[in-house]
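To start, the structure under review is shown below, and the notes come after it.
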Amino acid sequence: MKSWWEHPIGLIGLVMLLGAQYYGLFVTPADAMMGDVARILYVHVPSAWNGFLWLGIACLCAIAYLLSDLVAFAAAILGKPLGPGALGLVRRYLDHTLAATIEVGTLLVLVLTMQGSIFAKPTWGVWWTWDPRLTSTAVMLFTFVGVLVMRAIIPRAQVRASLSAAVTVMAAVTIPITYLSVRIWRSMHQIQTGGTDIDGSMYTAWMVNFFALILVTLWMVIRRWRIAKATWDADEAPPLPEVA
Amino acid sequence: MDDVETNTQTLLEEPASSGVVQGGWGYVWAAYGVTWLFLIGYALLLFVRSPRRGGS
Numbered sequence: 008m009k010s011w012w013e014h015p016i017g018l019i020g021l022v023m024l025l026g027a028q029y030y031g032l033f034v035t036p037a038d039a040m041m042g043d044v045a046r047i048l049y050v051h052v053p054s055a056w057n058g059f060l061w062l063g064i065a066c067l068c069a070i071a072y073l074l075s076d077l078v079a080f081a082a083a084i085l086g087k088p089l090g091p092g093a094l095g096l097v098r099r100y101l102d103h104t105l106a107a108t109i110e111v112g113t114l115l116v117l118v119l120t121m122q123g124s125i126f127a128k129p130t131w132g133v134w135w136t137w138d139p140r141l142t143s144t145a146v147m148l149f150t151f152v153g154v155l156v157m158r159a160i161i162p163r164a165q166v167r168a169s170l171s172a173a174v175t176v177m178a179a180v181t182i183p184i185t186y187l188s189v190r191i192w193r194s195m196h197q198i199q200t201g202g203t204d205i206d207g208s209m210y211t212a213w214m215v216n217f218f219a220l221i222l223v224t225l226w227m228v229i230r231r232w233r234i235a236k237a238t239w240d241a242d243e244a245p246p247l248p249e250v251a
Numbered sequence: 031m032d033d034v035e036t037n038t039q040t041l042l043e044e045p046a047s048s049g050v051v052q053g054g055w056g057y058v059w060a061a062y063g064v065t066w067l068f069l070i071g072y073a074l075l076l077f078v079r080s081p082r083r084g085g086s
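One line per chain: the protein sequences are A and B, in this order. Be aware that the first sequence starts at 8, since it is given in the numbering used here, and climbs by one per residue. Be aware that the second sequence starts at 31, since it is given in the numbering used here, and climbs by one per residue.
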């Protein structure tokens with residue numbers, strides 16, 4: 008079952024990440040206003056982008072899973088119920104991907120929040136403030152932690168998959184709100200920066216960190232996907248015969 | 031009145047702030063440390079939780 012490319016992806020990502028962080032820490036110039044503290048942004052921004060990426064994919068999986076529920080329901084209404092094998096494998100794989108991407112995405116949002124808190128102290132003078140961006144990020148974090156907790160306490164695989172897909176779609180509302188919070192409300196957090204606003208070496212450090220983190224977290228998603236598959240198999244396995 | 035004069039004098043004697051955040055490497059190391067702590071910790075957790083070969 009294990010693919011030959013699984014570990015090389017993680018390894019390449021790891022080497023890229025180490026190289027990009029060395030570049031960001033020791034090669035790029037200090038920021039004109041924020042000084043060396045701005046080097047935190049080389050891990051902070053890629054964490055945010057990757058967190059949004061994986062949570063966005065989780066939302067797409069959830070929507071697809073709910074649509075498959077609708078298709079199965081419509082087929083049953085029309086008197087042509089789908090067999091267990093028709094959508095079963097696709098639905099299972101969607102749920103495994105949902106489980107993996109939500110967990111990795113939530114981990115990144117947690118790391119992002121802590122990095123942001125550390126960055127806030129020397130630049131804003133406080134570890135935390137109820138700024139719109141920080142507040143919406145905290146709400147997003149706790150919402151997705153709630154989805155993970157819900158998945159952990161529902162024992163039946165099919166029920167867990169349907170419910171968590173529905174809840175994930177609702178939780179995903181927090182993603183665009185968090186992203187746009189700096190534009191919708193008056194926020195201390197700076198708005199999104201384009202590549203033309205900063206030194207070329209800083210942009211390089213950002214982008215390489217971003218792609219490296221994609222590879223590292225893709226490796227995590229694949230590993231977590233296998234765990235989700237094993238959990239589903241265990242949940243769906245017939246009970247052991249009673250000993251006479 | 032004396033207080034005002036004293037405060038004004040103090041402000042004039044203090045060097046003007048450049049507006050640039052000075053130092054801060056400790057915060058940089060803390061942010062990178064937290065990042066690696068969680069990435070490595072989660073990776074280890076995935077190895078611990080991974081299904082055994084030949085299992086379900």
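Glycine is no exception: its CB is placed at the ideal position from the N, C-alpha and C atoms.
Buried/exposed call for residue i, threshold 16 Cβ in 10 Å
i                     : result
residue 140 (chain A) : buried
residue 236 (chain A) : buried
residue 107 (chain A) : buried
residue 75 (chain A)  : buried
residue 25 (chain A)  : exposed
residue 78 (chain B)  : exposed
residue 239 (chain A) : buried
residue 85 (chain A)  : exposed
residue 136 (chain A) : exposed
residue 81 (chain A)  : exposed
residue 82 (chain B)  : exposed
residue 193 (chain A) : exposed
residue 153 (chain A) : exposed
residue 54 (chain B)  : buried
residue 17 (chain A)  : buried
Cβ neighbours of residue i in the same chain (closer than 8 Å, five flanking residues each side left out)
i                     : result
residue 4 (chain A)   : The displayed coordinates of chain A run from 8 to 251. Any statement about residue 4 (chain A) would go beyond what the structure contains.
residue 130 (chain A) : 41, 44
residue 67 (chain B)  : none
residue 78 (chain A)  : 89, 94
residue 83 (chain A)  : 89
residue 47 (chain A)  : 122, 125, 126
residue 170 (chain A) : 157, 161
residue 206 (chain A) : 35, 36
residue 241 (chain A) : none
Residue from the options with nearest C-alpha to residue i
i                     : options                    : result
residue 189 (chain A) : A:219, A:144, A:242, A:59  : A:144
residue 204 (chain A) : A:14, A:59, A:39, A:117    : A:39
residue 100 (chain A) : A:88, A:115, A:117, A:72   : A:72
residue 114 (chain A) : B:56, B:80, B:75, B:82     : B:75
residue 21 (chain A)  : A:242, A:222, A:232        : A:222
residue 218 (chain A) : A:58, A:47, A:10           : A:58
residue 66 (chain A)  : A:206, A:239, A:177, A:165 : A:177
residue 179 (chain A) : A:193, A:149, A:207        : A:149
residue 63 (chain A)  : A:86, A:151, A:29          : A:151
residue 208 (chain A) : A:10, A:49, A:19           : A:49
residue 10 (chain A)  : A:191, A:154, A:232, A:85  : A:232
residue 186 (chain A) : A:116, A:33, A:153, A:80   : A:116
residue 52 (chain B)  : A:19, A:132, A:193, A:159  : A:132
residue 29 (chain A)  : B:58, B:49, B:50, B:54     : B:58
residue 214 (chain A) : A:240, A:136, A:23, A:17   : A:23
residue 97 (chain A)  : A:159, A:210, A:165        : A:165
residue 61 (chain B)  : A:193, A:128, A:17         : A:128
residue 56 (chain B)  : B:49, B:64, B:50           : B:64
Chain-order list of residues whose beta-carbon lies under 6 Å from that of residue i (same chain, five-residue window excluded)
i                     : result
residue 195 (chain A) : 138
residue 111 (chain A) : 61, 224, 227, 228
residue 102 (chain A) : 168
residue 161 (chain A) : 167
residue 184 (chain A) : 143
Anticipated Cβ contact below 8 Å, residue i with residue j, distance rounded
i                     : j                     : result
residue 53 (chain A)  : residue 220 (chain A) : 5 Å
residue 27 (chain A)  : residue 216 (chain A) : 4 Å
residue 147 (chain A) : residue 182 (chain A) : 7 Å
residue 35 (chain A)  : residue 105 (chain A) : Not really, about 37 Å apart at Cβ, beyond 8 Å.
residue 69 (chain A)  : residue 172 (chain A) : 4 Å
residue 234 (chain A) : residue 80 (chain B)  : 6 Å
Sequence-distant residues of the same chain with beta carbon closer than 7 Å to residue i, five excluded per side
i                     : result
residue 85 (chain B)  : Caution applies to residue 85 (chain B), whose pLDDT of 41 falls short of 50 and renders its modelled position unreliable; the model cannot decide the point.
residue 155 (chain A) : 109, 110, 113
residue 31 (chain A)  : 46, 49, 212, 216
residue 33 (chain A)  : none
residue 19 (chain A)  : 222
residue 163 (chain A) : 242
Legend entry - Proximal residues, the region 53-74 of chain B versus chain A, C-beta separation under 8 Å: 53, 54, 55, 57, 58, 60, 61, 62, 64, 65, 68, 69, 72, 73
Inset, instruction - Select from the region 126-153 of chain A all residues with a C-beta closer than 8 Å to any C-beta belonging to chain B, and list them in chain order. - result: 126, 128, 129, 130
Legend entry - the region 222-244 of chain A: positions lying closer than 9 Å to chain B by Cβ: 223, 224, 226, 227, 230, 231, 233, 234, 236, 237, 238, 240, 241, 244
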